[in-house]
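Residue numbers (my numbering), protein chains in the order written: chain R, 47 to 310; chain E, 47 to 310; chain D, 47 to 310; chain U, 47 to 310; chain W, 47 to 310. Report on one structure; see the data block that follows.
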Amino acid sequence: MIPIDDSPIVRNGKMIILAMDHGLEHGPVDFTEVPEKLDPATVFETATHDAVTAMAVQKGVAEGYYPSYEDDVTLMAKINGNSNMWMGEPDSAVNWSVDYAAEVGAEAIGFTVYGGSNSELEMAEEFREAQEAAREHDMPVVMWSYPRGQGLKNADTADNIAYANRIALELGADVSKIKYPGSPEAMEHAVTCGGAMKTVMSGGSKTTDLEFLTTVENAIKAGASGLAVGRNVWQREDPTRILDALELVVFEEEAADAALEACE
Amino acid sequence: MIPIDDSPIVRNGKMIILAMDHGLEHGPVDFTEVPEKLDPATVFETATHDAVTAMAVQKGVAEGYYPSYEDDVTLMAKINGNSNMWMGEPDSAVNWSVDYAAEVGAEAIGFTVYGGSNSELEMAEEFREAQEAAREHDMPVVMWSYPRGQGLKNADTADNIAYANRIALELGADVSKIKYPGSPEAMEHAVTCGGAMKTVMSGGSKTTDLEFLTTVENAIKAGASGLAVGRNVWQREDPTRILDALELVVFEEEAADAALEACE
Amino acid sequence: MIPIDDSPIVRNGKMIILAMDHGLEHGPVDFTEVPEKLDPATVFETATHDAVTAMAVQKGVAEGYYPSYEDDVTLMAKINGNSNMWMGEPDSAVNWSVDYAAEVGAEAIGFTVYGGSNSELEMAEEFREAQEAAREHDMPVVMWSYPRGQGLKNADTADNIAYANRIALELGADVSKIKYPGSPEAMEHAVTCGGAMKTVMSGGSKTTDLEFLTTVENAIKAGASGLAVGRNVWQREDPTRILDALELVVFEEEAADAALEACE
Amino acid sequence: MIPIDDSPIVRNGKMIILAMDHGLEHGPVDFTEVPEKLDPATVFETATHDAVTAMAVQKGVAEGYYPSYEDDVTLMAKINGNSNMWMGEPDSAVNWSVDYAAEVGAEAIGFTVYGGSNSELEMAEEFREAQEAAREHDMPVVMWSYPRGQGLKNADTADNIAYANRIALELGADVSKIKYPGSPEAMEHAVTCGGAMKTVMSGGSKTTDLEFLTTVENAIKAGASGLAVGRNVWQREDPTRILDALELVVFEEEAADAALEACE
Amino acid sequence: MIPIDDSPIVRNGKMIILAMDHGLEHGPVDFTEVPEKLDPATVFETATHDAVTAMAVQKGVAEGYYPSYEDDVTLMAKINGNSNMWMGEPDSAVNWSVDYAAEVGAEAIGFTVYGGSNSELEMAEEFREAQEAAREHDMPVVMWSYPRGQGLKNADTADNIAYANRIALELGADVSKIKYPGSPEAMEHAVTCGGAMKTVMSGGSKTTDLEFLTTVENAIKAGASGLAVGRNVWQREDPTRILDALELVVFEEEAADAALEACE
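As structure tokens, this is what we get:
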């Protein structure tokens, strides 16, 4: 964990990361309601919104679409990932070298670690290599830190989520992306476990505008430094409107309902 | 995915890749009806046809036969593969380094990834290395992207094929080779899942001229950028005639029956 | 094992290593009674006490907090570790390269080896690499040497602990951290097994002041060169007081009760 | 596969490779009838016969004995192999780096690949490295290509042997060593599967002079480029006589009985 | 196998290697009767005896004690080894790089290979790396060659021991250390299997002076080039006396009883 407030992925100490690697992680099924979003250009277009401080994609999507948006989008290289056809223990292939990510223009990296998986140790070692390579390139490191695996009956308890956040701090992430643990108190505890490292909330599956924004509001109040969001933005008919509202909630610390109203 | 329209493996945005690695993947049994084709020179001869934009072979065949055809054939190095005596989960050995492929004269690489296999992650990581090495040599990267493995009951559903095409885009292929998913609509969906990446249809096992060409016609209409074909060309008595017809269907977008007629 | 008496982690031939990697190894649960200690700065503050010759932390904590304490704390890089969500055989991921540890400012390394684990051989080979890299940087090497694994019914017998200490000597540690084997005689035997290598006692879970100091006193009398301690210091309300007492017991070889009294 | 007719291991397009790695692969039991042959010098002496175009041995034997025969013997480095105490799936350890083989004086390499073994893919990848390293040193590559493994009920069918020969061609061998598949027709088919690559017959276990030479005669007539032989030469009382005969059958294409008669 | 008669570990073609890695391989239990020998200095002292041509220890012991004896002891680096808490198939961790062994002052290396273990192939490949690195440093290579593993019902038969000796020759050892196979005839056969490579007998567990020396006498008569001995020397009350006797038996080829008498 090093200071990243001067990094392009951060704005006034906070960040909104627009993620779009669902085509790999979940497959085309995530695009059923919004088939036009299968064209990554549409999501890059959304990422030009001022509220978005970085867009996280896999290598091939970055190679193909980032060049047209390099003036308006900050690229975060999602280094690992895998398809959900995979039947093994939770794990991710390293699909991108950090050196090549830098060459493509990435200014930060994202990396998944599944604490509790039978692959935890291997993922932690792959994270080590990516994190240390990112240091060479002065690229902030965001860990998607999720408890998941054979031995965890209830992976997403508040305790496990707080533990996952601490793991991110200990292993050297600059930002940790965790699930919202269900209550502001639990989120505050999780954030505290991360020390001076920034914690962002994971957007999760699509909900209503107010429900989503209220969760974000709670997370921010609990000390989160923003969120990393995918489906709750680009699965919406009007991503701009929700980003307008998110901008108010995250960067201006407005309440969810007030922000929504301001964006009508 | 980077633009490859200026690459020698592409002609007017499309391509016909003649593949002949069946001696490794299937064994001599694929040559029973056409024993003279066990001599790779006969297939290289076929590959000199104007319709063929690249010929894909394994290392040993390239070393032995490409030098005699280097003025008339564009070489695609099929980097991985294995015999069908193999009883393990779907997987392929990396038989060729990209650096040496470039030395032998390859101008593009082909690489198989089996989404859903217990070897998916390992194959994805081997693909990473090959893809990034290919970037160093400015060689387009074609992924043979096939869902296959223990956990996939019906590997070749339209959904899985569309997913496989998306995986190719996300991981950094410039061209994805997928099976024809049974209908023009399904093919169009699969092509859409690949975004700006080119999708080519896999030739599959030998069928009649009309049946084969009609499928190709449908694939092209659905947005495919051509095909990668083996047995449906070199297992035929007259490969030249089917290539004449394919040239019309793929590059001139003629109908299958009209193309066949024109080649009588 | 090389002479390290001139190293900054040693004072008059002895050492007190303050360890704080519990956030990774045990999780936030270790901080339940002392939630303020979730902020690593509080423990670094404690480490500025004269009695502490080195502070051992994981990479991320070092990156984030050591820079503010580099004039007052000697940094020991705990190179490997893992979460206790891990359900596999005792093992640790290598989370930090020695080269990068040196860059961050570490002056010594710590490394866990679980003799008897199904991962023993892999850990020993990872230790080899870390130990030889540490030699390049003139950094002393401390082995957390613990018998643990499937085949060891009673891992922490005196015999196993003595064996673990010998393993540390044979493999090239400069200091071995072992559990107190229950009696002064057993500790003396374990220390003897380590030859000229320094042995430090592991602090273990929190006990009363007198109980803890008496164990340390016995260990010192038995030839130990100090201790590596975490919870028995920073889980206390007043870490300064216990460090004052430890300083007397370890460096002045005073008795536990006398030391306690002197610190009232 | 590259042209190797100018290589020292080839004479007029053919070759007789004398192999002596049985001490590793089978153990001392192969020497029971000829205990004096446990001294590798005796077999090197035999290899000075004009008929022998190369002698294939493991690293240690090459280091110890080749220096005394470097003017009269062409050394082939058998790169991999293992003892028959090994109870795992058919596999071979890589016992020799190609660079060091070149340093010892080898002018060609030999490498075993077991198609159908659970180790097939690993062996193929090790072969890739050895083959590409051999290219750097301009050393011809001979593959011992044997179908063998858990899933092959009858490993040595004519079909499997032909397939194995094709595998050798596809993966980049310059010469393939296969078992004689039982009939001239089957051998001819196997040779055809190898394309322009040279195929040599494996000598196998010791038989009578006439039976052995007749098989060789049939193999040559079927298109084989010679043989790689061990026990059928050095287990004989008079290796010179059988080599005299082999020279006639292989290089002069004489019939077995005529050759035998000429050597009485 | 290369000529090593000029090496410092050889005296008149023979050698006595004093080994002391029992602290790692067996643990403190081997020192129960001779607790003072837990201090490696005592054994290094013994190694200054003229009869000892090399002392074999693990890395940590070499680092700690060799510097004080570098003028009087020739150091052999025992490269691999592991604790007997290990419950897996016979195997050894590589605990020392050859480059670093050279830096510490080693003039030869020792390396264990367990033929017949499920780890045989991995150990053979690790041996390859060590052996070839040793060649770079002109350090003789001694293989501890022991048949051991799941599939070997009676590992230490005369046949297996002879086979193990041959494996050492084939893989490139300069000296092979094997168990005495029970009779002079069996030892002679084993030595013969090793060709021109030197064979030394393994000392084994402690026996009476006469029994031990008689076995050595028989081994020498059978062609052995000496022995590698640990417990039968340093577990004795008077190591000097047994070394005096061994010197006579090994280097002067005296009979065991005569040698014993001479040393009264």
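Cβ atoms here follow ideal geometry from the backbone N, Cα and C, with glycine treated the same way.
Query: With Gly162/W and Ser129/U assumed to form a contact (beta carbons below 8 Å), what rounded beta-carbon distance in angstroms separates them?; Result: 7 Å
Query: Three or more beta-carbon pairs under 8 Å between the segment 268–279 of chain U and the segment 235–254 of chain U, yes or no?; Result: yes
Query: In the DSSP assignment, find the unbroken beta strand (DSSP E) run with Tyr111/D in it and report its ends.; Result: Unbroken run through Tyr111/D is the alpha helix (DSSP H), 105–111; no beta strand (DSSP E).
Query: What residues match up with Ser163/E in a beta bridge as DSSP calls it?; Result: Answer by DSSP bridge pairing: none, since Ser163/E is not bridged.
Query: Provide the residue(s) that pair with Asn126/W in DSSP beta bridges, ordered along the chain.; Result: Val140/W
Query: Using 8 Å as the limit for Cβ to Cβ distance, is Gly241/D near chain W?; Result: yes
Query: Rounded to a whole number of angstroms, what is the C-alpha to C-alpha distance between Val221/R and Ile155/D?; Result: 26 Å
Query: Is the CB of Met133/U under 8 Å away from at least one CB in chain W?; Result: yes
Query: Relative to the alpha-carbon of Ala170/W, which residue among Gly276/U, Glu116/U, Trp132/U has its alpha-carbon at the smallest distance?; Result: Trp132/U
Query: Exposed or buried, what is Glu166/D when buried is set at 16 or more other beta-carbons lying within 10 Å of its beta-carbon?; Result: buried
Query: For the structure I just gave you, are there three or more beta carbon pairs, one from the segment 231–238 of chain W and one from the segment 282–289 of chain U, closer than 8 Å?; Result: no
Query: Name the DSSP beta bridge partners of Arg57/E, please?; Result: Lys60/E
Query: Near Phe297/D, what residues of its chain come up, given a Cβ to Cβ distance below 7 Å and the 5 sequence neighbours on each side ignored?; Result: Arg57, Asn58, Lys60
Query: How long is the line joining the alpha carbons of Tyr146/E and Glu172/W, rounded to whole angstroms?; Result: 27 Å
Query: Could you tell me which chain E residues have their CB closer than 8 Å to the CB of Ser129/R, listed as they occur along the chain?; Result: Gly161, Gly162, Glu166, Tyr209, Ile213
Query: Taking the alpha-carbon positions, what's the Val140/W to Ala100/W distance?; Result: 20 Å
Query: Let me check understanding here. Comparing Cα to Cα, which of Gln104/U, Thr78/U, Leu292/U, Ala97/U lies closest to Gly151/U?; Result: Gln104/U
Query: Hey, does Met47/D have any beta-carbon neighbour from chain W nearer than 8 Å?; Result: yes
Query: Taking the alpha carbon of Glu149/E as the reference point, which residue from Asn126/E, Glu175/E, Ala180/E, Tyr160/E has its own alpha carbon closest?; Result: Ala180/E
Query: Can you give me the Cβ contacts of Pro136/U inside the same chain, cut-off strictly under 6 Å, excluding the 5 residues immediately before and after it?; Result: Tyr160, Ser163, Arg194, Gly195
Query: What in chain W is Cβ-close to Pro54/D, meaning under 8 Å?; Result: Chain W residues near Pro54/D: none, gap ~20 Å exceeds 8 Å.
Query: For Ala100/W, which beta-bridge partners are listed by DSSP?; Result: Ile63/W
Query: Under a CB-based cut-off of 8 Å, is Tyr112/E close to chain U?; Result: no
Query: What number of angstroms, rounded off, separates the C-alpha of Ser114/R from the C-alpha of Ala204/E?; Result: 31 Å
Query: Please state the DSSP three-state secondary structure of Ile213/E.; Result: helix
Query: Does Pro193/U get closer than 8 Å to chain E when you measure Cβ to Cβ?; Result: yes
Query: Residues of chain W with CB under 7 Å from Ala170/D, in chain order?; Result: Asn128, Ala139, Asn141
Query: Does Gly197/E come within less than 8 Å of chain R when only Cβ atoms are used?; Result: yes
Query: Does any C-beta atom of chain E lie closer than 8 Å to the C-beta of Thr254/U?; Result: no
Query: Quick one: is Ala308/E buried, meaning 16 or more other Cβ sit within 10 Å of its Cβ, or exposed?; Result: exposed
Query: For Tyr192/R, name the three-state secondary structure that DSSP assigns.; Result: strand
Query: Buried or exposed: Thr158/U, going by 16 or more other Cβ atoms within 10 Å of its Cβ?; Result: buried
Query: By how many angstroms is the C-alpha of Ala87/D removed from the C-alpha of Thr94/D?; Result: 11 Å
Query: Look at the Cβ atom of Ser251/W, then the Cβ atom of Ile224/W, and state whether they are nearer than 8 Å.; Result: no
Query: If you compare alpha carbons, which of Val98/U, Met189/U, Ser143/U is closest to Ile213/U?; Result: Met189/U
Query: By Cβ distance, which residues of its chain are closer than 6 Å to Asn278/R, with the 5 residues on each side in sequence left out?; Result: Gly249, Lys252, Phe258
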